[in-house]
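Chemist: Here the sequence shown is numbered in the working numbering, starting from 824 and rising by one per residue.
Glycine included, C-beta positions come from ideal geometry on N, C-alpha and C.
Got a structure for you, written out below as structure tokens; questions coming shortly.
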Amino acid sequence: MGEQRVSLVSDERQMQSFVKSLLKDVKALEYMLDNDWFESDITRIGAEQEMCLVDSKTYKPAPIAMEALDKMKSYPWVETELARFNLETNMIPRVFKGKCLSQMEAENVKNLTRIRQKLKGLNAEIILTGILPTLRKFDLGMHNLTPKKRYFALMEAINKQLIGTAYELRLMGIDELLVKHDSPLLEACNTSFQVHLQVAPSEFVQMYNIAQTLAAPVMAIAANSPIVFGRRLWHESRIALFQQSLDTRTSHDHMRERSPRVSFGNDWLHNSVLDIYREDIARFRVLLSSDVKEDSIEMLKKGEAPKLRALQVHNSTVYRWNRPCYGISDNGKPHLRIENRVLPSGPTMVDEMANAAFWLGLMVGMADQYKDIRKHISFADIRDNFGKAARYGIDCKFTWFKDKKISACDLVLKELIPIARKGLTKRKVAKADIDKYLGIIQERAKSEMNGARWQLRAFTKLIGETNRDEALTVLTASIVKNQEKEIPVHKWKLPELGDLKEYRPSKLKVEEFMITDLFTVQKDDIIELVAEMMDWRSIRYTPVEDTKGKLVGLITSRLILRHFIKGVKIDGETTTVKDVMLKKPLTVDPDMTILKAMEIMRDNKVGCLPVVKEDGELIGIITEMDFLRISGRLIERLEQ
């Protein structure tokens, strides 16, 4: 969950003091590694479960985490996350053997069941998904930042590093998303199931490089984050969204390279875990400070293992998809872990445990089979595979060992599942657990169905039947219901509109409802062009904008008709848009409710309302046909 006792670096003196502690921690870590201080005779596993909170009727984000935690003071294993609509739980570390996997799943089920019971009084539900489908851009405003010192400090620190004027999201899948945002709270879109594997220092280089190699195929079979703000993007959009939400870089007219704080890495690990910590200190400035009271070098002299708080604070602000972790075991000995941050939350707890079992088994099986994986595949290929897996998920094709080209499903079925089975068997994991969890991975690969593919198919079907908001709401409600039943995702049926008994659009904002795929004209365009465009596209309203995208007028089919009926035209004269357009059309703000927008249209007897920002920028339009469609759906629901 991270070190909570942190603050923004306020002056040079504080920065210098913290950096001194950071450098001492690195020296202390080096000393402990050189002198065999680390626990290496036992292997444990652990996990962190992130989740979203949604309103039980609208299935929109429910920013009630603080109220929920107030009801769960007796649950030390549940904690805040970055946004008010997120929670996180920590699971008990277990020795990697026997029934550890099914025990971890049972613990997760028990924890989430208890949370669900507490949320009933707050009219909220839990949902496990990489990115919440009903999440809207305005949900990521600073008003939804969890009110804790650590999070405010982190947001301010990242903002201070921003070179450009805003954070930009640029993703393309089936749809395209190009949008700016004013804070790094976009990170809160992402929820994951983070799995930890304890690793002996002597094996860390081998195991870390294996974790890097496995990131792509494991992500491909587990992908569950394809929808962002109602757009169908990458199968695991978390990867790009997380990097871009914290990316303080901007484009330049030179080729200087700057690394993002969220990354896969730039090379294999060659010497020890120290290489990662040293690179991250050298490459990334300190963002947060902590009042470090321990002197790690002095503690070593006393024979005590230091907690390395300064190093852990800095490590928590650099986001590698396979992150090294340092900790102290209950016996007082330090240990090292690899934290797999690739796996998304959901689709169900049993799916998550199947993903974890697959990765853990592969880590052991690969280590047994490949002493140095760098000799079998290039770093360029594993990095390329990682990007392809994020974009295309279960549909992608990898470059694998000996330059072989192989599809994700074939790789999983023919090569990786047998290796994972051997690895779990070597750890003496219960056969029933191995069969159960790897069986889920096998069926997922055979049917070519994971969470991402199911969401894409379901959403594409639904938006062909209704408006985007209702489609997202039905989709999210279906995910929640399937999760409660603990049905693996490859067995889920596609949702029907009638599955959601009640749909309440009245509190929707114009921004959620408006049409954004606009056909516009400019003042100097000839009126014949406008008439043809409106006929071609079967539209009755065409906004007029200037070269900067600001609204300057509106053309309606009635104005076009009136112009041609009059037929007044001097030979050689050309009629342009500015001669006919309505110069001061009624407009609405994107934050207005659609109920209020309907009232404005009714009272003023207009058939459309352009949607503009405060500076006059045109961002969308709503028409009477949009309201007719939503009204028709509500009548159909009443009939049902």
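#1: Hey, how far is the Cα of Met838 from the Cα of Ile986?
#2: Determine the contact status of Ile1200 and Thr1036, defining contact as a CB-CB distance below 8 Å.
#3: In the DSSP assignment, what are the bridge partners of Cys1431?
#4: Throw me the rounded Cβ distance for the Val1333 and Pro1413 pair, which I believe falls under 8 Å.
#5: Quick one: what does DSSP say Ile865 is sitting in, helix, strand or coil?
#6: Taking all protein chains shown into account, do 16 or more other C-beta atoms lie within 10 angstroms of the C-beta of Met995, making it buried, or fewer, making it exposed?
#7: What's the C-alpha gap between Gln926 and Phe1342?
#8: Is it the case that the Cβ atoms of Ala1038 and Asn1145 are separated by a distance below 8 Å?
#9: Can you tell me whether DSSP reads Arg1460 as helix, strand or coil?
#10: Specify the secondary structure class of Thr1299 as computed by DSSP and reduced to three states.
#11: Who are the near neighbours of His1313 in its chain, counting only those whose CB is closer than 7 Å to its CB and skipping five residues on each side?
#12: Return the CA-CA distance between Leu1382 and Lys1371, expressed in angstroms with no decimal places.
#13: So Val1085 packs on Tyr1142, CB below 8 Å; how close in whole Å?
#14: Would you decide whether Phe1387 is buried or exposed? Buried here means 16 or more other CB atoms lie within 10 Å of its CB.
#15: With burial defined as no fewer than 16 other Cβ atoms inside 10 Å of the residue's Cβ, what is the status of Ser1025: buried or exposed?
#16: Tell me whether the beta-carbon of Thr969 lies closer than 8 Å to the beta-carbon of Met874.
#17: Within 10 angstroms of the Cβ of Asp1076, are there 16 or more other Cβ atoms? Answer buried if so, exposed if not.
#18: Tell me whether Ser1380 sits in a helix, a strand or coil according to DSSP, three-state version.
#19: Round the Cβ separation of Pro1167 and Glu1309 to the nearest angstrom and send it over; I've been treating them as touching at under 8 Å.
#20: Secondary structure at Tyr1142, three-state DSSP: helix, strand or coil?
#21: Mind checking which residues open and close the beta strand (DSSP E) that includes Ala1045?
#22: How is Phe1016 classed by DSSP in three states: helix, strand or coil?
#23: If you compare alpha carbons, which of Asp859, Asn1047, Asn1290 and Thr988 is closest to Asp1449?
#24: Restricting to Cα atoms, I'd like to know which of Lys971, Asp1174, Asp1005 and Leu1000 is closest to Lys924.
#25: For Leu1008, is the classification buried or exposed, using 16 other Cβ atoms within 10 angstroms of its Cβ as the cut-off for buried?
#26: Within a Cβ cutoff of 8 Å, which residues of the same chain sit near Leu1374, ignoring the five residues on either side of it in sequence?
#27: Alpha carbon to alpha carbon, how far is Glu1462 from Arg1452? Give it in angstroms, no decimals.
#28: For Arg1460, tell me which candidate among Asn1163, Leu1320, Glu1437 and Phe1181 has the shortest Cα-Cα distance.
#29: Grouping DSSP H, G and I as helix and E and B as strand, with all else coil, what is Tyr1100?
#30: Given that a residue counts as buried once 16 or more other Cβ atoms are within 10 Å of its Cβ, and exposed if not, what is Glu909?
#31: Would Met1078 be called buried (16 or more neighbouring beta carbons within 10 Å of its own) or exposed?
#32: Please classify Pro956: does DSSP put it in a helix, a strand, or coil?
#33: Using alpha carbons as the reference points, say which of Glu862, Asn858 and Ile1458 lies closest to Gly1155.
#34: How many angstroms separate the CA atom of Gln1021 from the CA atom of Val1187?
#35: Note the first and the last residue of the continuous beta strand (DSSP E) segment covering Thr1222.
#36: Kindly list the residues whose CB is nearer than 7 Å to the CB of Phe1107, restricted to its own chain and excluding five residues on each side of it in sequence; keep chain order.
Modeler: According to the structure shown:
#1: One C-alpha to the other measures close to 21 Å.
#2: Using a Cβ distance threshold of 8 Å, Ile1200 and Thr1036 count as a contacting pair.
#3: Bridge partners of Cys1431: Thr1446.
#4: Going by Cβ atoms, the distance from Val1333 to Pro1413 rounds to 5 Å, so yes, they are a contact pair.
#5: Of the three classes helix, strand and coil, the one that applies to Ile865 here is coil, per DSSP.
#6: Exposed is the label assigned to Met995, since fewer than 16 other Cβ atoms lie within 10 Å of its Cβ.
#7: Cα-Cα distance, rounded: 56 Å.
#8: For Ala1038 and Asn1145, yes; Cβs fall inside 8 Å.
#9: If DSSP states are grouped into helix, strand and coil, Arg1460 belongs with the helices.
#10: Here DSSP, grouped into helix, strand and coil, assigns Thr1299 to helix.
#11: Scanning its chain for C-beta atoms nearer than 7 Å, with the 5 sequence neighbours on each side dropped, one finds around His1313 the residues Glu1266, Arg1267, Ser1270 and Met1272, in chain order.
#12: Approximately 25 Å between the Cα atoms of the pair.
#13: With 8 Å as the limit, Val1085 and Tyr1142 qualify as a contact, their Cβ atoms being about 4 Å apart.
#14: Its Cβ having fewer than 16 others within 10 Å, Phe1387 is exposed.
#15: Under this definition Ser1025 is an exposed residue.
#16: Not closer than 8 Å, so no.
#17: Low local confidence applies: a pLDDT of 49 at Asp1076 is under 50, so the model's placement there is unreliable, with the coordinate-based value given in what follows. Its Cβ having fewer than 16 others within 10 Å, Asp1076 is exposed.
#18: It is helical.
#19: The pair is not a contact, with the Cβ atoms about 17 Å apart (cut-off 8 Å).
#20: Strand, per DSSP.
#21: According to the DSSP assignment, Ala1045 belongs to no beta strand (DSSP E) but to the alpha helix (DSSP H) extending over Phe1027 to Ala1045.
#22: In the structure shown, Phe1016 sits in a strand (DSSP, three-state: E or B).
#23: Looking at the Cα atoms, Asn1290 is the closest of the given residues.
#24: Strictly speaking, residue 924 in this sequence is Leu, with Lys absent from that position. Taking Leu924 as reference, the option from Lys971, Asp1174, Asp1005 and Leu1000 with the minimal CA-CA separation is Asp1174.
#25: Classified as buried, Leu1008 has 16 or more neighbouring CB atoms from the shown chains inside 10 Å of its CB.
#26: Exclusion of the five residues before and after Leu1374 leaves Pro1366, Val1367, Glu1368, Pro1408, Thr1410, Pro1433, Val1435, Gly1439, Glu1440 and Leu1441 as the residues of its chain whose Cβ lies within less than 8 Å of its Cβ.
#27: Cα to Cα, Arg1452 sits roughly 15 Å from Glu1462.
#28: Cα-wise, what sits closest to Arg1460 is Leu1320.
#29: Helix, per DSSP.
#30: Here residue 909 turns out to be Asn, not Glu, going by the sequence shown. With 16 or more other Cβ atoms within 10 Å, it is buried.
#31: Note that Met1078 scores 48 on pLDDT, short of 50, meaning its location in the model is unreliable; the coordinates nonetheless yield the value given after this. Result: exposed.
#32: In this structure, DSSP gives Pro956 a state outside helix and strand, which the three-state scheme calls coil.
#33: Closest option to Gly1155, Cα to Cα, is Glu862.
#34: In this structure, the CA atom of Gln1021 is about 11 Å from the CA atom of Val1187.
#35: Element bounds for Thr1222: Lys1220 to Thr1222.
#36: The residues are Arg1084 and Val1141.
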